[in-house]
Amino acid sequence: GDTGNGGDVVVTAGRARTDGDDGGDITVTAGQGGDDGGDITITAGLGDTATGGSLSMVTGSGTGTSSGDFSVVTAGTTKGTTGWMIFSSGIAVSGSSGHITVGSGSATNGRAGGVSITVGRSNSGVASGVKITAGRTTHTIGGFVSVTAGQGATEGGALWMQSGVGDGATSGHVLLASGVGAVKSTGDVTIRSANAAGVGVSGDLKFSSGTTTSGNTGHIRIGSGLST
Numbered sequence: 018g019d020t021g022n023g024g025d026v027v028v029t030a031g032r033a034r035t036d037g038d039d040g041g042d043i044t045v046t047a048g049q050g051g052d053d054g055g056d057i058t059i060t061a062g063l064g065d066t067a068t069g070g071s072l073s074m075v076t077g078s079g080t081g082t083s084s085g086d087f088s089v090v091t092a093g094t095t096k097g098t099t100g101w102m103i104f105s106s107g108i109a110v111s112g113s114s115g116h117i118t119v120g121s122g123s124a125t126n127g128r129a130g131g132v133s134i135t136v137g138r139s140n141s142g143v144a145s146g147v148k149i150t151a152g153r154t155t156h157t158i159g160g161f162v163s164v165t166a167g168q169g170a171t172e173g174g175a176l177w178m179q180s181g182v183g184d185g186a187t188s189g190h191v192l193l194a195s196g197v198g199a200v201k202s203t204g205d206v207t208i209r210s211a212n213a214a215g216v217g218v219s220g221d222l223k224f225s226s227g228t229t230t231s232g233n234t235g236h237i238r239i240g241s242g243l244s245t
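Now the structure itself:
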């Protein structure tokens, strides 16, 4: 309305009161088209002088067992490419844009769920990759990328970086390099174990090429770069 709060729209499926029966479903389907299918758009309300409305999608609680799954999937196709999935916060003209947080929930009595980012299998050509890039700025220091294993009551979690297996030939390479300095120096590369506490020793640093059952093992080369 022109004054006061706007009216709500509530859509609720039917409740089943008998044990063993399921509650009603809600299905929203856009129309089929001879060319493109119809779209579904869900938009929260505009805030004229303050914050816009939030959009919450939450699965149902399971008081007896598990809560429901949440699936966001583009449809499969027999021709062409399946649809993209885009997760992005909005552009901020003045101020900061919003964060994106992906994580599993905490477990009070049990084990928290894992988080997996996996590229699908390719049957032809080069497989697609996973790219993580920090933000670029035109003013000072670019954004950082931090990968940290979990803290443990007895021993901290391990951090593994391993190239892919080559079924018929060589496995993939591992490259650890600092960024290029377009005007000044390049960044340092530091490999070290953490300082030990009051008792104990700091961790070892091990550089080793792998073993082989036939042929020569790999070389270990340490050197500074050329100066022109």
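Residue numbers are given in my numbering: position 161 of the sequence shown equals residue 178, and the series is strictly consecutive.
For every residue, glycine included, the Cβ atom is placed at its ideal position computed from N, Cα and C.
Keeping to the same chain, check which residues put their C-beta closer than 7 Å to that of residue i; ignore five residues upstream and five downstream.
i, result
"VAL197", "THR203"
"GLY152", "GLY159 and GLY160"
"GLY55", "ALA47 and GLY48"
"THR234", "SER226, GLY227 and THR228"
"SER78", "SER84"
"GLY131", "SER121"
"GLY93", "THR99"
"ILE108", "SER114"
"ALA144", "VAL136"
"ALA166", "GLY173, GLY174, ALA175 and LEU176"
Which same chain residues, not among the five before or five after residue i, have their C-beta less than 8 Å away from its C-beta?
i, result
"GLY69", "ALA61, GLY62 and LEU63"
"SER255", "Residue 255 lies beyond the stretch modelled for the chain, which goes from 18 to 245, so this question has no answer here."
"VAL206", "LEU193, ALA194 and SER195"
"TRP101", "THR91"
"MET74", "PHE87"
"GLY97", "none"
"ALA33", "ASP39, GLY40 and GLY41"
"SER105", "ILE117"
For residue i, which option in the options has the closest C-alpha, if you only look at C-alpha atoms?
i, options, result
"GLY41", "GLY51, THR35, ALA30 and GLY50", "ALA30"
"GLY220", "THR230, ASN212 and THR187", "ASN212"
"VAL164", "VAL28, HIS156, THR155 and ALA175", "ALA175"
"ILE149", "THR135, GLY77, ASP25 and SER114", "THR135"
"ILE59", "THR187, THR82, VAL26 and THR157", "VAL26"
"THR82", "GLY37, ALA109 and THR118", "GLY37"
"TRP177", "THR154, VAL191 and ASP184", "VAL191"
"GLU28", "ARG34, SER188 and THR44", "In the sequence under discussion, the amino acid at residue 28 is Val, which differs from the Glu named in the question. When only C-alpha atoms are compared, the closest one is THR44."
"LEU222", "GLY107, ARG209, GLY115 and LEU72", "ARG209"
"ARG8", "PHE224, ALA124, PHE87 and ALA170", "Any question about residue 8 goes unanswered here, given that the chain covers just 18 to 245."
"GLY146", "ARG32, GLY97, THR35 and GLY181", "GLY181"
Might you give, ordered along the chain, the residues of its own chain that have their beta carbon closer than 6 Å to the beta carbon of residue i, omitting 5 neighbours on each side?
i, result
"LEU72", "ALA61"
Taking only beta-carbon positions, decide if residue i is within less than 8 Å of chain B.
i, result
"LEU72", "In summary, chain B is missing from the structure at hand, where a single protein chain is found."
Secondary structure, beta strand (DSSP E): runs of 3+ residues fully inside the stretch 79-166: none
Segments of 4+ residues assigned as alpha helix (DSSP H) that fall wholly inside the stretch 191-217: none
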